Structure formats: C-alpha cells, structure tokens
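Asks: Chains as they are written, first to last, in our numbering: chain E, 1 to 302; chain C, 1 to 255; chain S, 1 to 401.
All C-beta atoms, glycine included, are put in the ideal place defined by N, C-alpha and C.
These figures come from a predicted structure and were not determined experimentally.
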Amino acid sequence: MQTSTSSMPLPKRLIGFFAVTIALTAAVAVLGIILGMVGSFVSNGGGGVTWTFLSEFPRNNNTEGGIWPALAGTTLLVLLMTILGVPVGTATAIYLTEFAKQDSWFARSVRFAVNTLAGVPSIVFGLFGVGFFIQFMGNGIDGWLGTSSFGDGSLLWSAATLAVLTLPVVIVAVEEALRAVPRDLREASLALGATRWQTIVKVVVPNAVTGILTGSILAVGRGAGEVAAILFVGVTYSSESIPSAVTEKFMHLGYHLFVLSTQSPDVDLTLPLQYATTLVLLGLTFLLNLTAILIRSRLRKR
Amino acid sequence: MAKDIPLKIETHDFSFYYGAKQALHNITIGIPERRVTAFIGPSGCGKSTFLRSINRMNDLIDGTRTDGHMVVDGIDVYSKEVDVVTLRRRIGMVFQKSIPFPKSIYENITYGLTLNDSVSKSDLDSIVESCLRKAALWDEVKDRLNNSALGLSGGQQQRLCIARAVAINPDILLMDEPCSALDPISTGKVEELITELKDTYTIVLVTHNMQQAARVSDNTGFFLMGSLIEFDRTRTIFTSPSKKETEDYITGRFG
Amino acid sequence: MSNPFKQTRKRPGEWIMEWSIRLVASASIVMIFLILLFVMREAATLFVSAEATTEATSTPSAGSNMEPESYNPDAPADAAASEPDVYNPEAEDPTTTQQQGEPGAPGQFIYASKNPKYPEIYNPDTGLLPEDIDVVAEDQAEVDTSRKTSVLSKLTGDQWQPVGDVPKFGVKPLLIGTLKTTTIAILIGAPLGILAALYVAFFAKRRVREVVKPAIELLAGFPSVVIGFFCLVTVASFIQDITGAPYRLNAVVGGIGLALAVIPIVFSIAEDALSAVPKTLREASLALGSTEWQTAYRVMLPAAAPGVFAAVLLGIGRAFGETMIAIMATGNAPLSSFSPLEPARTVAATIGSEMGEVVWGSEHYGVLFFMGVLLFVFSFGLNAVTELYVKKRLIKKFQGQ
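1. Leaving aside the five residues before and after C/Asn58 along the sequence, list all residues of the same chain whose C-beta is less than 6 Å from its C-beta, in chain order.
2. I want to know whether the segment 293 to 301 of chain S touches the segment 221 to 228 of chain S - three or more CB-CB distances under 8 Å.
3. Quick check: is the beta carbon of S/Glu271 nearer than 8 Å to any beta carbon in chain E?
4. Any beta carbon from chain E within less than 8 Å of C/Met225's own beta carbon?
5. CA-CA distance, S/Thr45 and S/Leu174?
6. If C/Val77 and C/Leu87 are in contact, beta carbons under 8 Å, what's the gap, nearest whole angstrom?
7. So the candidates are C/Ile172, C/Leu224 and C/Asp176; which of them puts its Cα closest to the Cα of C/Asp257?
8. Taking only three categories from DSSP, how would you classify E/Tyr237?
9. Would you mind sorting C/Arg253 into buried or exposed? The rule is 16 or more other CB atoms within 10 Å of its CB.
10. Can the beta-carbon of S/Met371 be found closer than 8 Å to that of S/Ile351?
11. Do we get a CB-CB distance below 8 Å when we pair C/Tyr78 with the residues of chain E?
12. Compare the C-beta of S/Ser26 with all C-beta atoms of chain E and state if any pair is closer than 8 Å.
13. Taking Cβ-Cβ distances shorter than 7 Å, what residues in chain S pair up with E/Thr195?
14. Below 8 Å on C-beta distance, what does S/Tyr389 contact in chain E?
15. Checking 8 Å against the spacing of the C-beta atoms, do E/Thr278 and E/Phe41 come in under that value?
16. Mapping DSSP to helix, strand and coil, what is E/Asn139?
17. Using the three-state DSSP reduction, which class does C/Tyr249 fall into: helix, strand or coil?
18. Would you check if the distance between the CB atom of C/Arg89 and the CB atom of E/Gly193 is smaller than 8 Å?
19. Need the endpoints of the beta strand (DSSP E) that C/Tyr17 sits in, please.
20. Looking at the C-beta of C/Ile99, does it have a partner C-beta in chain E at a distance below 8 Å?
21. Measure how close the beta-carbons of E/Ala160 and E/Phe133 come, nearest whole angstrom, since I'm counting them as under 8 Å.
22. Mark S/Phe376 as exposed unless 16 or more other C-beta atoms lie within 10 angstroms of its C-beta, in which case mark it buried.
23. Is the distance from the Cβ of E/Leu231 to the Cβ of S/Met355 below 8 Å?
24. In this structure, how does DSSP classify S/Val377 when only helix, strand and coil are distinguished?
25. So within the segment 263 to 345 of chain S, which uninterrupted alpha helix (DSSP H) runs reach at least 4 residues, ignoring any that extend past its ends?
26. Check whether the Cβ atoms of C/Ile229 and C/Glu245 sit closer than 8 Å, and answer yes or no.
27. For S/Ser268, tell me which candidate among S/Trp19, S/Lys168 and S/Leu218 has the shortest Cα-Cα distance.
28. Quick check on C/Lys121: buried or exposed, where buried means 16 or more other Cβ atoms within 10 Å of its Cβ?
29. Could you work out which residue in S/Leu249, S/Val358, S/Leu195 and S/Gly317 is closest to S/Ala344 when comparing CA atoms only?
30. Is the number of C-beta pairs between the segment 109 to 117 of chain C and the segment 190 to 210 of chain C that are closer than 8 Å three or more?
31. Name, going along the chain, the residues of the segment 137 to 152 of chain E whose beta-carbon falls closer than 8 Å to a beta-carbon of chain S.
32. Counting only Cβ-Cβ distances shorter than 8 Å, please list the residues of the segment 24 to 54 of chain C near chain E, keeping chain order.
33. Using the beta-carbon of each residue, which ones in chain C are nearer than 8 Å to E/Val203?
34. List the residues of chain S that E/Met37 touches, going by C-beta distances under 7 Å, in chain order.
35. Using 10 angstroms around the beta-carbon of S/Val200, count the other beta-carbons present and answer buried if the total reaches 16, otherwise exposed.
36. Who are the Cβ neighbours of S/Ile16 in its own chain at under 7 Å, not counting the five residues just before and after it?
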C-alpha cells in the first residue's frame, strides 16, 4: 500500500514539486515587485521628505519648494468626502443588515448597485462629477442663488464625487462590523421590550463603531490617492493659497505627482521632488490602510 | 391540577408554521399564575418554539404564521390591538446562552428601564439593588456595578440576565433552558432562584433536563413532535403518567 | 376587559427612522441611474451639437493653466496644429513646451532634458511619429464633408484626431490601444495573481500566509498615480534597456503598469475563492492518498473555478477602466498598431487627457462622454455577468445539480 509520497512514481512527485515551486515563485515575484517599487521610492526620495518639504509652498513653477498646499488640499478633500459619504454608507449598511429581508427585490437591487458602483472605472466618476454635480447641481444652485461659483469644478464637487466613489468601501466595512454583532444580543434587547430602532442605536451600532472607523479610514485612503475622478472636477496644479471656501479649487497630492512627473519643464530639477511626493503619497495611503487593517483584525479577534 | 388557580396563559388549538412546515399542532393548555410550569421533551419537539410564541419572539423570523389563540391575561396576544413591544415589556425572557450586553453591570440592569420612561437616578439605584438581590447576585457584585458585565463568570452572567429580565417588572418569566450552559453549582443556584421567584412571577421553564423539571416545577407538560402529549402536576407526570409516550420518555426509552 | 398590551405611547420616531434608512439605502441604486443618466446626457451633445466652431461660453478649465488642446477655430490650420496628441500645437519647438509658468496639457510627455536617461519621446526634427505624416491637415473639401457625415461613421473612422480642421473621432485606434494594453496586463497579471493565490491558499504554512496575504493586498492600496510614476521612470527604462525599443513609453510598459494594478484584485478574489472550498474536500482527497498538488489541481481548483474566473473578469474590468496608469505609461498616442512596443492610447486615457481641454457642448465633448457611457456599460455588464454567472455556478457546485 502506498502510504507515503516517497514511494510514488518520480514523474508525479516531480510535477507536484514543480507546481508548488512555480506558485511559490509567483508569490515571491509579486512580493518582490512591491518591495522593489517601494525600495526605489525610498532610496530616491527618502532624502527629500523633510519638514520643509511638507510645510512649504511650491516655488518657481513647481520646480522647487514643498507640497504643503497639496497636503492641505488633499486633507480638506478627504475630510469633506468623509462627512458626505460615511453617513450614507453607514445608513445603507444598517439597512442591509437590520432591515432588509433577504429575498426582497429592493435588498437585492441595493446589493447589486453597491457591487456595480465598486466596479465603475474612476474616470467615469469624473465624468459623473462634471455631468451631474457641476453641470446639473452646480448650475442649478447658481441659477437659484444668483451666484456663479457652483457651476464650476471645486472642492465641494470633488468631495461629493469621491464620496460616491468610496461608498462601496464604507458599506462593506460597516456591514462586516454590524454582522459581527451576535444575533443573540439583538434578541435579548428585543425581549426586554426595546423597539427595533432602540436596539440598533443602543446595542448594535455601539458595537459597530470600529467598523465605521475602519470603513472611513479605508475610504480616506482610497480618496487620497484617487486622481482620475477629480481630474476635471476641481483640482488644480498651482494655487496661491489653501482654499477658503468649498467652491474653490484645490491642490491634491496625487494630481501634483501626476503633473510633476509628466509635464515638468526640467526633469533634473524636479525628479527628486517627484520621488519625494510619491513617498509622501504612498506613505500616507499605506499608513491609513495599515491602521484600518489593524483595527479590523482587532475586531475579528474579539 | 387545582382548578381554582387563575390561569395566566391559555392557548386554544394553537398551531405554528415555519413556512409550510407545521411546528406546533393544536396546542391547548392552561398555565396557572405564580407557579412554575416546565416543558420537557426531546430535541426539536417544539417546546422552545412554543415558549417563544408566548412573547412573540418568533415574529423575528421571516415566513412564520400562527393559528388558534394564545391568550395572556385574557387578551389574544396575536390580535391586532396588541402592540408587540409593550407585550414584551410585560413578559421577561431568559435565554439558553447568557447574553449580557457589553456594558457595565449597572447598565445591563437598567437597560429595560431607560428605554421609555424617565426614571430618576435614585429610583434606578434602588431597583438595581433589589433586582440583584432577587437574583442572589447583589453580594457578589455590589462593589463593581460599573465594571463590564462580561467580566462575570458564566453562572453569574446568567443570574445577571435573570436580574435584567426582572428589572422591567414583568408578570411572566419565560426561561429557555437557562442552565444548559452552566456548571452544576451555578445550576443549583439558578434553580434555587426559580423557586424563590415563583412567589412573585409566573414562570414557564423549558428544559431538556428531566430531573430539573422534577425538582423545580409545579406542573409539567410533555411535548413530542410539535404536539402536547400530556400536561399535569409534576408529581403525577413523573410517577404515574397516563400516556405511554410520556412514560417512555421519562424512563429513558428515547431521548 | 381592557387590553393591558395596548401601546402606551405613540412611536412615530420608529417609523420615520426605518423609512429614512430605507430611503438612504436606495441612494446606491439611485446613484447608478444618475451616473448613467447624466453621462449620457452630456454625451447627447454628440448628436445634437453644432459644428465644432461653437465658441466656448464657459470653459471648465477656466483658471487652470492648461490650454493647448482646446480647439481654436481661429488658429491657422497648419501642420503643427493638427497633431494635438503628438505635439503641442502652440510650441514651435518640442524641446521647450512650456511657456512661462504654463505646464503643458495632459497628454504631452516631452521631457526637455539634457539628461540622456530621459530623451525626448518624439523625434525633435520632425516632431512627428513616422506614422503620422499622412495625418497632416486636409483641405477644405474634406472639412465640408466631415460636417455632413453621420455620427456613426465618424466614430467608426480609423483615426483619432479630435483637434484640427477636420476633427476625426474614429475610436478604432483607441479600442485597439485598450485591447493591447488590457491583454498584456491580463497575460501578466492573471497568472501571477492566480498562482500566488494558489500558493497562499494551499501550500503556504499559516505563518507565511499571515504575512504574504496582507502584503500582496497592500499593493491594492497603491494609488494608480504611484504605479504610473513607477512605470514612467523605472519600468520604461528597464524595458527599453532590454528590448531596445525606439519608444520609451509603449503598450508593454503600460501593460505592465496595468498588470500591477490587476494583480492584487485577481489575487484577493482568487484567494478568497480558493480558501472558501470546504476543508473537508481537501481532507477527503488527502485521505485517499493524493499529494497536496494533486488535491489542489484535481479537487480544489475545479471547486473554486467560478470564483477564480470571476477574479479574472474583475481584473479585466479594472484594467480597461484604469486611467492614470494608462495616461502616464503608454505613450498616449492613438495609433492603430498591434505592435506592443509602440505607444498606444486607451479609451479611459483619452477621456482623462482630453476632458480638461475640451469645449463645453462641442462634438469632442460629446464623444468623450459617449466613451464614458461605453466604459460604464461595459463595466456594468462585466459585473452583472460575474454576479449572476458566478453565483449560479457556485450554488450549483455546492448544492449539487
């Protein structure tokens, strides 16, 4: 009886060994690429990430100086995006876990819509931002209020566009946290004479706060790096100051890197800046994602 | 069964369906007030389903329906005029697995009270104390009321859940296998509790432990495959049951 | 007898809350419709707009510093002006594209550098790619005919040259570019992703898995600008060193960049699918005396096949919708060539590059939005197929036919 693999015919064993090696190589290759990428950024740009770099304005037509306005602009953008998007995402997740009957057409449509949203290319969101937010809502508001600033690209519309884009991220994270709340807890609350809504507010949601946090952080990570969706919804390459109203244009880290690396008048001068900007952007998204993952794994361990 | 004890809960031909599957068949029973009534029977016989029908916890499951009447305090609880939330406030429930809220001991007890009525702090404090005393838990936790309830042992948690159920001042206490997850010592304590509580509350107890039913209850009902086979004084059921199925179950012919 | 279980207090809040939640939840569905609707609405200008000579009433890029690609009917229709994608029409000399304080428009990748590592992309003597010589300005007759041709025939033309006397909106080069880059991306990314998923799901020890899986999924968090940047500076030189290709940025470089974006998606979903196969199947197979590999190949993979297939589909979806990498790494030239070492232009990159400069309400504007509609419909269809097909197959497999 063949009980050990060592008595198996050689070719079979070899194939098995070969196959495992190939798979291992693939995994190693992927990891290697990631490390190589990060390594090249760190080695080329590490020196450039200084405090002055982070806190100064760019000078000389973006060939020198810092990226402060881009950092500030990105921060304002994701802040606004979070305010707009997280409540909607949380409410949708609450609907999906607490109120939806599994087979109702409405629940299934919502799920399908969320999945579809997750797959829409970001440039289409950009077009949506132009067609809906700027043209329709912006011009509408302008007509209504007699202003002229809403019908143009701005921080507000970019944040709104990104809020829609990151909606699936928030929904998935919050839903996961809500589902982690044991069903028994809900039953115990209801058996004490609480209404459904009271149960949600007093028992379910407090336990899902970590999920809401995770979702928000992941969304922010996505929003900070997303350029295609805001390309023509309000981002700009040079500005004198940080935007003071949501109807103004703003600078953005990712966009800054894009223009810097593709339209720089003097590559020798700006290459170090490009690397440094990349490092800052990558570091930011990495930090955000890592935080979210840590929070989520603590949630799972509970 | 003494006919002069008023019946707290009465059912007439009560049936329950999970979709197309009939889980309870024409149950007719009268549960006397301020006594302990136990339901026994093998797994899946419907005793838990029946218990949960009393405070309409089964409403939470999609696709269920009922037939017949379930009457508590003279009112059919499935009729349209009954508000299920108010119903559940008048009936307390303790579950098989103790499920304290991840809040402090104090907050667990006061949860039901703070839902609707605004009760003053001093009233809350005294209610908390009296409930914990009733649950024989006061001495053990009086110094750590603000600690998390999750820090208690299994037996203590279950007694906390009983205290929590009692805090909303119900008339009826439904207990669904409350000791099945507990060690023998905690079980003993809970059983003592049940015997004390019956002076104030009507208790309906579901248990798969026949000896527990024999120890603790005044009346016992034997369920089998969704039907109520026999219902009588506990002593009668366990010494001279009238139905053969009851006898077979009691003597361990099937489990 | 009075009803002790009658409601003691009205609870309107409860009802309001529930319906507010339902309302908000419908936002997702509403958004999908809105996206389709409003992108289509702007695309309608394609069919409705007057000729491209419409003056712009308000430009979206007012305030930005980028200009060269907007169609200026008053500019002389000379050779230079007809090459927007290849050449900055307002610059005399490709080596100095930037006027004072003005960066070039997106789509122009001209490094004015003395650094031999980054030579000019396009031949500075002619400013044109060899293939473009025949795209130089037409005569007036052709301008007139173009106004009369139908939208459909315009779109099915062979050249994409939206700025010029005779704007050409043939999407064929764009589709070819998208096809090229997506294919390369999938050929590289799908096997890598699936094999790595295979390794992590089946062959790796638990400790290894706990490190490798999140590490690869971290790649998903890389913003596509960063990947594009990496391709632009590092990968492009690498490929050029290896192949000696004349163009630094081409479909291969772009394909590699897209692959980097595709790998984490394929890996994640494939790994989930492979891990979801019940352990009992694996144990049963091993108990019959198979090796790990035989078990993986003959039992687990087939069981996870729908999920792995979905992973590849979603990877494809990501690849063709990806914009930033496509703009930065493909050379951004709408050529109808199938050669991988030549620059290409994808549909998404076209929208991204040209939207900033287009005139509101013009034909060009409409065409770009129209392509957006195409992207949306394609991704919607892909998603629908994945959901319905995969779900059905998975259910069949695990519940028996």
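Replies: Taking the coordinates as given:
1. Counted from its first residue, the second sequence places residue 58 of chain C at position 58. Spatial neighbours of C/Asn58 in its own chain (CB-CB distance under 6 Å, excluding positions within 5 residues in sequence) are listed in chain order as Arg52 and Thr64.
2. No, because fewer than three Cβ pairs between the segment 293 to 301 of chain S and the segment 221 to 228 of chain S fall closer than 8 Å, the two stretches do not touch.
3. One-based indexing of the third sequence puts residue 271 of chain S at position 271. False, the Cβ-Cβ gap to chain E never drops below 8 Å.
4. Here residue 225 of chain C refers to the residue found at position 225 when the second sequence is read from its first residue. False, the Cβ-Cβ gap to chain E never drops below 8 Å.
5. Locating residue 45 of chain S in the third sequence gives position 45, where the first residue counts as 1. Locating residue 174 of chain S in the third sequence gives position 174, where the first residue counts as 1. Going by the C-alpha atoms only, they are around 20 Å apart.
6. Here residue 77 of chain C is taken as the residue at index 77 of the second sequence, counted from 1. Here residue 87 of chain C is taken as the residue at index 87 of the second sequence, counted from 1. So it is a contact: roughly 6 Å between Cβ atoms.
7. Since the first and last residues shown for chain C are 1 and 255, residue 257 of chain C lies out of range.
8. As a first step, residue 237 of chain E must be located in the first sequence, where it is residue number 237. E/Tyr237 falls in the coil class under three-state DSSP.
9. For the purposes of this step, residue 253 of chain C is taken as the residue at position 253 of the second sequence. Exposed, by the Cβ-count rule.
10. Taking the first residue of the third sequence as 1, we reach residue 371 of chain S at position 371. Taking the first residue of the third sequence as 1, we reach residue 351 of chain S at position 351. Inclusion of S/Met371 and S/Ile351 in the CB contact set at 8 Å is warranted, their separation being smaller than that value.
11. Numbered from 1 along the second sequence, position 78 holds the residue referred to as residue 78 of chain C. Cβ-Cβ to chain E under 8 Å: no for C/Tyr78.
12. In the third sequence, the residue the question calls residue 26 of chain S occupies position 26. Yes, its Cβ sits closer than 8 Å to a Cβ of chain E.
13. By 1-based counting over the first sequence, the position of residue 195 of chain E is 195. The contacting residues are Arg11 and Glu14.
14. By one-based count along the third sequence, residue 389 of chain S stands at place 389. Annotation: S/Tyr389 has no Cβ neighbours in chain E at a cutoff of 8 Å; minimum Cβ distance is about 13 Å.
15. Sequence index remark: in the first sequence, residue 278 of chain E carries index 278 (1-based). Sequence index remark: in the first sequence, residue 41 of chain E carries index 41 (1-based). Closer than 8 Å, so yes.
16. To locate residue 139 of chain E, count along the first sequence from 1; it is residue 139. Helix, per DSSP.
17. For this step, residue 249 of chain C is matched to residue 249 along the second sequence. Here C/Tyr249 sits in helix by DSSP.
18. To locate residue 89 of chain C, count along the second sequence from 1; it is residue 89. To locate residue 193 of chain E, count along the first sequence from 1; it is residue 193. A contact, by the Cβ cut-off of 8 Å.
19. Here residue 17 of chain C corresponds to residue number 17 of the second sequence, with the count starting at 1. That run of the beta strand (DSSP E) goes Leu7 to Tyr18.
20. Counted from its first residue, the second sequence places residue 99 of chain C at position 99. Judged by the 8 Å Cβ criterion, C/Ile99 is in contact with chain E.
21. Locating residue 160 of chain E in the first sequence gives position 160, counting from the first residue. Locating residue 133 of chain E in the first sequence gives position 133, counting from the first residue. Indeed they touch by this definition, with Cβ atoms about 5 Å apart.
22. For the purposes of this step, residue 376 of chain S is identified with residue 376 of the third sequence, where counting begins at 1. Counting the other Cβ atoms within 10 Å of the Cβ of S/Phe376 gives 16 or more, which makes it buried.
23. As a first step, residue 231 of chain E is located in the first sequence; it is residue number 231 there, counting from the start. As a first step, residue 355 of chain S is located in the third sequence; it is residue number 355 there, counting from the start. Cβ atoms of E/Leu231 and S/Met355: closer than 8 Å.
24. Reading the third sequence from its first residue, position 377 is the one you call residue 377 of chain S. The answer is helix: DSSP assigns S/Val377 an H, G or I state.
25. For the segment 263 to 345 of chain S, whole alpha helix (DSSP H) runs of length 4 or above, ordered along the chain, are 279 to 287, 292 to 295, 301 to 321 and 324 to 329.
26. If you number the second sequence from 1, residue 229 of chain C lands on position 229. If you number the second sequence from 1, residue 245 of chain C lands on position 245. Against a cut-off of 8 Å, the Cβ pair of C/Glu245 and C/Ile229 comes out as a contact.
27. The residue given as residue 268 of chain S occupies position 268 in the third sequence. When each option's Cα is compared against that of S/Ser268, the closest is S/Leu218.
28. As a first step, residue 121 of chain C must be located in the second sequence, where it is residue number 121. Taking every protein chain shown into account, the CB of C/Lys121 has fewer than 16 other CB atoms within 10 angstroms, so this residue is exposed.
29. Here residue 344 of chain S refers to the residue found at position 344 when the third sequence is read from its first residue. Residue S/Leu249 holds the alpha-carbon nearest to the alpha-carbon of S/Ala344 among S/Leu249, S/Val358, S/Leu195 and S/Gly317.
30. As far as the Cβ criterion goes, the segment 109 to 117 of chain C does not touch the segment 190 to 210 of chain C, which means the pair count is below three.
31. Flagged, chain order: Gly151 and Asp152.
32. Answer set for the segment 24 to 54 of chain C: empty.
33. Along the first sequence, read from residue 1 onward, the residue named residue 203 of chain E stands at position 203. Neighbours of E/Val203 on chain C, chain order: Phe101.
34. Against the first sequence, residue 37 of chain E aligns to sequence position 37. Correct list: Phe230.
35. By one-based count along the third sequence, residue 200 of chain S stands at place 200. Burial call: buried.
36. Taking the first residue of the third sequence as 1, we reach residue 16 of chain S at position 16. Sequence-distant Cβ neighbours of S/Ile16 in its own chain, meaning closer than 7 Å and more than five residues away, do not exist here.
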